[in-house]
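Scroll down for the structure; my scribbles are underneath it.
Below is the structure:
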């Protein structure tokens, strides 16, 4: 074995420097705006209904690896106010190829008594701050060009509802049903129409948004919102106004979730619970868009993919 | 279920605010001193010799949860220079009680071409910076008192060698053999003699320090160093000058580690490798000492203990 002092190419080094700077600017903005940093548990009790979680044996217990703060977020928000976490998250995708990482980092933030509009504002200001503060001379030429193109990003970002997004897709000739999940090709078709990130809000309750509060004006919709990158890079974040307390327990019963999960949920709420809005933004997806990377694997130093842990 | 807006007591809230501030100050100091933030993988290939790791099935592969950057650190350092990571770490302790967490966060930092003295200086300056920058008025009375007592912490910190530490313990009447691991009671006996954190360096190769370079003046010792808290709080960090390249492979063979691990190690080094020194500091142990907490569980919002995942 020959010792190789520096075998990453200049592009990879540049991306990793951008990644470090992005997290630094995200934290700076959040700290300046009154957010406390917190850390939730990575190892969580295994819940039967949960799909796509990595499972492990925790002594005599069944456990899973976290996919974000989940119900712990409301405890932090109830007790500390505005809070954020930047931490690893895990998803056991059963797909080959390199479109999704199984291990990725999330920027999560929440504001007490915030509504959907408030959490959209936080996100557009945060992303704009990052775009405006990334230095252009941070590295190799293609990365310099990518960063330079971000200087035109300004808030506010455009806002669509899910229903409006369906209309736009139909205008483009897509045969998509109202109530269906937006597939990657749909997100891409929408996102090439925009030059800045944009929001899609108020998804139907049918497409895995039951954990958010129902829209007062239409109980088939929830107070949920995704942030999509422009130029076809797909979803940057998900969020909304999570249901809490009795409303959440009612929703869990409607979804026929088991009693164990309801007990676990209630035990967490005992530690504090307040209405809030929040979001979870994928760090690697953000870096991929910021740096104009073809593959999300290039946004991670040691990417973890389906069935591959090497090195 | 009654919704409880804020059931953490003032003390717990204060500790969590201190925790947030400690990480903020740690990052500020590291960023100001030229360190890039990085993230290593949490899910790693399972190596047969590795004890006390949580194991999980990763599709068709056997995997473990990380206990720190390990060999990935040298890739970051070779390619980016000074780097640090603040990330979760996992240890499957087979002990009951609440003296150790199974899930904890580590502050890890490394400097290219740094020696043992350099990494001691980084740590004492970092810890002193944190102590001097924590606001006294951050919360509840006992925490205020704890923070106030930190204002006398100044670098440099006292430096002992392992051999000197054994002498001191014998002077105190402990029947401890040269070459034995320092137990918790030994660390405590030493640490009540100091009013600031202090270093113990150059541990024998026999006590799980084989991954560090041998001391040039005595090959029975390694270039390893622990930082201990005063007042009986125990070990804050471990570190040293890791062996790399052929030297590390030779050590792995001497330890009779299997070929798979050697291959995996070599494949990581292919991505970059440089001599360096570094350390890994336990966030919760640091918070416990800073806040004078009796239990390390009080330093974590949702502590994970042996056989307990609730809530």
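Protein chains in written order, with my numbering: chain A, 1 to 311; chain B, 1 to 311. For every residue, glycine included, the Cβ atom is placed at its ideal position computed from N, Cα and C.
Beta carbon of residue i nearer than 8 Å to that of residue j
| i | j | result |
| --- | --- | --- |
| residue 243(B) | residue 200(B) | no |
| residue 225(A) | residue 245(A) | no |
| residue 13(B) | residue 80(A) | yes |
| residue 281(B) | residue 106(B) | yes |
| residue 136(B) | residue 148(B) | yes |
| residue 66(A) | residue 52(A) | no |
| residue 302(A) | residue 123(A) | no |
| residue 74(A) | residue 222(A) | no |
| residue 104(B) | residue 35(B) | no |
| residue 42(B) | residue 54(B) | no |
| residue 108(B) | residue 23(A) | no |
| residue 202(B) | residue 162(B) | yes |
| residue 56(A) | residue 61(B) | no |
| residue 173(B) | residue 204(B) | no |
Distance, residue j Cα to residue i Cα
| i | j | result |
| --- | --- | --- |
| residue 48(A) | residue 257(A) | 9 Å |
| residue 304(B) | residue 102(B) | 6 Å |
| residue 128(B) | residue 272(A) | 34 Å |
| residue 39(A) | residue 87(B) | 10 Å |
| residue 18(B) | residue 134(A) | 29 Å |
| residue 115(A) | residue 210(B) | 55 Å |
| residue 184(A) | residue 237(B) | 45 Å |
| residue 215(A) | residue 310(A) | 45 Å |
| residue 121(A) | residue 8(B) | 29 Å |
| residue 190(A) | residue 111(A) | 29 Å |
| residue 308(A) | residue 296(A) | 15 Å |
| residue 175(A) | residue 169(A) | 8 Å |
| residue 50(A) | residue 218(B) | 55 Å |
| residue 26(A) | residue 286(A) | 11 Å |
| residue 125(A) | residue 46(A) | 36 Å |
| residue 241(A) | residue 298(A) | 32 Å |
| residue 117(A) | residue 33(B) | 39 Å |
| residue 188(A) | residue 277(A) | 26 Å |
Collapsed DSSP secondary structure at residue i in the structure displayed
| i | result |
| --- | --- |
| residue 8(A) | coil |
| residue 281(B) | strand |
| residue 289(B) | helix |
| residue 76(A) | helix |
| residue 220(A) | strand |
| residue 28(A) | helix |
| residue 342(A) | Lying outside 1 to 311, the shown extent of chain A, residue 342(A) is not represented and no answer is given. |
| residue 196(B) | coil |
| residue 260(A) | helix |
| residue 167(B) | helix |
| residue 298(A) | helix |
| residue 225(A) | strand |
| residue 233(B) | coil |
| residue 207(A) | coil |
| residue 334(B) | Because chain B in this structure spans residues 1 to 311, residue 334(B) falls outside the shown range and cannot be described. |
| residue 109(B) | strand |
| residue 201(B) | strand |
| residue 276(A) | strand |
| residue 14(B) | helix |
| residue 93(B) | coil |
Check: residue i C-beta below 7 Å from any heavy atom of the ligand NAP
| i | result |
| --- | --- |
| residue 248(B) | This structure simply doesn't include the ligand NAP, nor any ligand for that matter. |
Among the options, the one whose alpha carbon lies nearest that of residue i
| i | options | result |
| --- | --- | --- |
| residue 153(B) | 188(B), 131(B), 214(B) and 289(B) | 131(B) |
| residue 77(A) | 85(B), 16(B), 150(B) and 75(B) | 16(B) |
| residue 293(A) | 143(A), 267(A), 177(A) and 302(A) | 143(A) |
| residue 140(B) | 250(B), 20(B), 204(B) and 10(B) | 10(B) |
| residue 151(A) | 291(A), 82(A) and 299(A) | 291(A) |
| residue 235(A) | 82(A), 198(A) and 267(A) | 198(A) |
| residue 228(B) | 159(B), 174(B), 167(B) and 29(B) | 159(B) |
| residue 145(B) | 298(B), 300(B), 289(B) and 55(B) | 289(B) |
| residue 254(B) | 30(B), 109(B) and 206(B) | 206(B) |
| residue 231(A) | 34(A), 250(A), 193(A) and 277(A) | 193(A) |
| residue 263(B) | 71(B), 31(B), 125(B) and 92(B) | 71(B) |
| residue 69(B) | 233(B), 268(B) and 61(B) | 268(B) |
| residue 20(B) | 117(A), 31(A) and 233(A) | 31(A) |
| residue 167(A) | 155(A), 29(A) and 186(A) | 186(A) |
| residue 300(B) | 98(B), 44(B), 82(B) and 29(B) | 98(B) |
| residue 44(B) | 181(B), 233(B), 241(B) and 261(B) | 261(B) |
| task | Residues of the stretch 38-70 of chain A with a CB closer than 8 Å to any CB of chain B: list them in chain order, please. | result | 38, 39, 40, 41, 42, 43, 44, 45, 54, 55, 56, 57, 58, 59, 60, 61, 63 and 65
| Chain-ordered residues of the stretch 247-273 of chain B with a beta carbon less than 8 Å from chain E | The structure shown contains no chain E; its protein chains are A and B.
| What residues from the stretch 13-29 of chain B come within 9 Å of chain A, judged by C-beta to C-beta, listed N to C? | 13, 16, 17, 19, 20, 21, 23, 24 and 27
| message | Taking beta-carbon pairs under 8 Å, can you tell me which members of the stretch 109-137 of chain A lie near chain B? | response | none
| request: For the stretch 178-196 of chain B, enumerate the residues whose C-beta is nearer than 8 Å to any C-beta of chain A, in chain order. | output: none
| task | Give, in chain order, every residue of the stretch 72-97 of chain A whose Cβ lies closer than 8 Å to some Cβ of chain B. | result | 72, 75, 76, 78, 79, 80, 87, 88, 90 and 92
| field | Residues from the stretch 272-305 of chain A in contact with chain B, defined by Cβ distance under 7 Å | value | 272, 273, 274, 301, 302 and 304
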